[in-house]
Amino acid sequence: MYVVIKKNSDLGKIQLLKQRIEQMDCKVVEISDREQIKIGIFTKNIQEIVSKLRKEEIIEKIVQIDSPFRFSSKEFKESETIIEVKGRKIGAGNLVVIGGPCSIESREMIFDIAKTVKEVGGEFLRGGAFKPRTSPYDFQGLGEIGLKYMREACDRYELVMVTEVMDTKDIELVGKYTDIFQVGARNMQNFSLLKELGKVKKPVLLKRGLSATLKEFLMAAEYIVAHGNYEVILCERGIRTFESATRNTVDINGIAYLKSKTHFPIIIDASHGTGIRELVEPVTLGALLAGADGAMLEVHKNPECAYSDREQTLNYEQFRQCVEKIKKTMEFKESLKCI
Ligand code: PEP
Ligand code: MN
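Mapping of the sequence shown onto the working numbering: residues 1 to 339, in sequence order.
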């Protein structure tokens with residue numbers, strides 16, 4: 001449920017109202033949406049709270065949300081959420097390119113990739129230090145030393161760091177280094193992890209599970225929100241279908257659907273979505289036109305030697321070309337709004 005505050009209400013009164021609601025054992029979130037101030041209220045005792053709030057003079061209306069993914073829904077917030085990290089904006093038409101290797105392999109390697117990402121105009125660096133690998137015998141990531149190298153590279157090239165956290169026990173450690181936490185596809189329904197990430201003060205990039213429905217995906221986002229973190233970025237990374245020619249199948253329907261149902265930004269990861277380097281660019285561009293707000297791309301100086309995900313990783317020249325086309329596609333998308 002949420003309440004809409006009357007226009008031109010005194011800010012002090014709004015603060016006092018929030019405090020009163022919190023004292024009723026509710027969690028609250030204040031947002032502005034199309035020039036309205038709304039206070040989202042998380043409670044199990046809806047009827048009791050509604051009757052108490054009816055007496056509040058600065059409340060214009062009280063609205064109960066029908067959507068199961070309440071605070072992630074457009075019913076709660078119509079306008080697109082823009083998440084700001086270190087001056088960079090994610091969402092609502094801002095160009096977002098998150099480039100980097102699948103795994104951080106060495107200090108030299110991550111510095112070189114960071115330099116390339118910066119040169120082509122990407123503002124976000126991705127790379128895994130804790131890797132969810134199908135085989136326990138495959139490279140599992142460098143762990144903390146990898147995070148350290150990546151942090152240094154981000155500081156050197158003024159990039160925003162995005163890296164995966166796989167376990168609740170690592171949140172503090174990963175949080176010491178990263179700007180954005182990534183939740184991998186295999187952890188999309190790790191509810192303990194989602195709840196704990198609800199308590200952190202950094203954005204969470206949530207990847208869609210391998211076989212997750214769109215509703216399950218949005219409900220996973222809602223877990224993070226319901227525990228206090230409203231900075232969620234959704235990432236479509238392809239799902240398992242009967243098709244085996246590609247590693248996964250990017251759900252273009254899903255992107256358009258999410259765009260119509262949620263206010264959170266959506267990122268396309270066509271590297272994992274296709275698993276085939278030649279397909280990454282066209283599928284990325286298609287997904288942007290379907291509604292994605294930005295792209296995640298795996299890139300490596302020498303993809304054939306990458307420790308993980310070689311077949312889907314772009315080389316520097318392919319990456320540069322892809323980013324150029326992403327920029328043009330975003331401009332084209334903007335121009336469509338005027339038609
Ligand atoms: C990754 O981003 O490196 C990764 C492991 O992705 P996913 O969780 O989507 O498989
Ligand atoms: Mn990968």
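Every residue, glycine too, gets a C-beta built ideally from N, C-alpha and C.
For residue 161, which of helix, strand or coil comes out of DSSP? Annotated three-state conformation of residue 161 is strand, per DSSP.
Across which residues does DSSP place residue 3 in a beta bridge pair? Bridge partners of residue 3: 39 and 62.
Going by Cα to Cα distance, which pick from 108, 262 and 185 is closest to residue 231? Considering only alpha carbons, the answer is 262.
In whole angstroms, what is the alpha-carbon distance linking residue 60 and residue 225? For residue 60 and residue 225, the gap between their C-alpha atoms comes out near 24 Å.
For residue 188, name the three-state secondary structure that DSSP assigns. Coil, per DSSP.
Taking the alpha carbon of residue 234 as the reference point, which residue from 12, 36, 259 and 249 has its own alpha carbon closest? Of the candidates 12, 36, 259 and 249, the one whose C-alpha sits nearest the C-alpha of residue 234 is 259.
For residue 140, does the three-state DSSP call read helix, strand or coil? In the three-state reduction of the DSSP assignment, residue 140 falls in the coil class.
Got a sec: does ligand 4 put a non-hydrogen atom nearer than 8 Å to the Cβ of residue 312? No copy of ligand 4 occurs in the structure displayed; its ligands are ligand 1 and ligand 2 alone.
Pairwise C-alpha distance: residue 294 and residue 79: Rounded to whole angstroms, residue 79 and residue 294 show a C-alpha spacing of 17 Å.
By DSSP's criteria, residue 84 is part of a beta bridge. Which residues make up the other side? Answer is 89, bridged to residue 84.
Ligand 2: which residues have Cβ under 5 Å from any of its heavy atoms, chain order? The filter returns 102 and 309, in chain order.
Pull up the CB-CB distance for residue 161 and residue 179, whole angstroms please, since I reckon it's below 8 Å. The Cβ separation is near 5 Å, so the contact holds.
Beta-carbon gap between residue 143 and residue 103 smaller than 9 Å: With respect to the 9 Å criterion, residue 143 and residue 103 are not classified as neighbours on the basis of their beta carbons.
Three-state secondary structure (DSSP) of residue 32: Residue state for residue 32 is assigned as strand, using DSSP reduced to three classes.
Local Cβ density within 10 Å of residue 131, reported as buried at 16 or more and exposed below that: With a threshold of 16 other beta carbon atoms within 10 Å, residue 131 meets it and is buried.
By alpha-carbon positions, which one of 91, 120, 32 and 28 ends up nearest to residue 6? Residue 32 is the option with its Cα nearest to residue 6.
Burial state of residue 12, where buried means 16 or more other Cβ atoms lie within 10 Å: When all chains shown are included, residue 12 counts as exposed.
Any heavy atom of ligand 1 inside 8 Å of the beta-carbon of residue 105? Answer for residue 105: no, Cβ out of range of ligand 1.
When you measure from the CB of residue 269 to every non-hydrogen atom of ligand 1, does any distance come out below 8 Å? The answer is yes for residue 269.
Enclosing alpha helix (DSSP H) for residue 220 [first to last residue]: From DSSP, the alpha helix (DSSP H) with residue 220 extends over 214–226.
Nearest CA to the CA of residue 14: which residue from 47, 51, 27 and 57? Checked all of 47, 51, 27 and 57; the closest Cα to residue 14 is 57.
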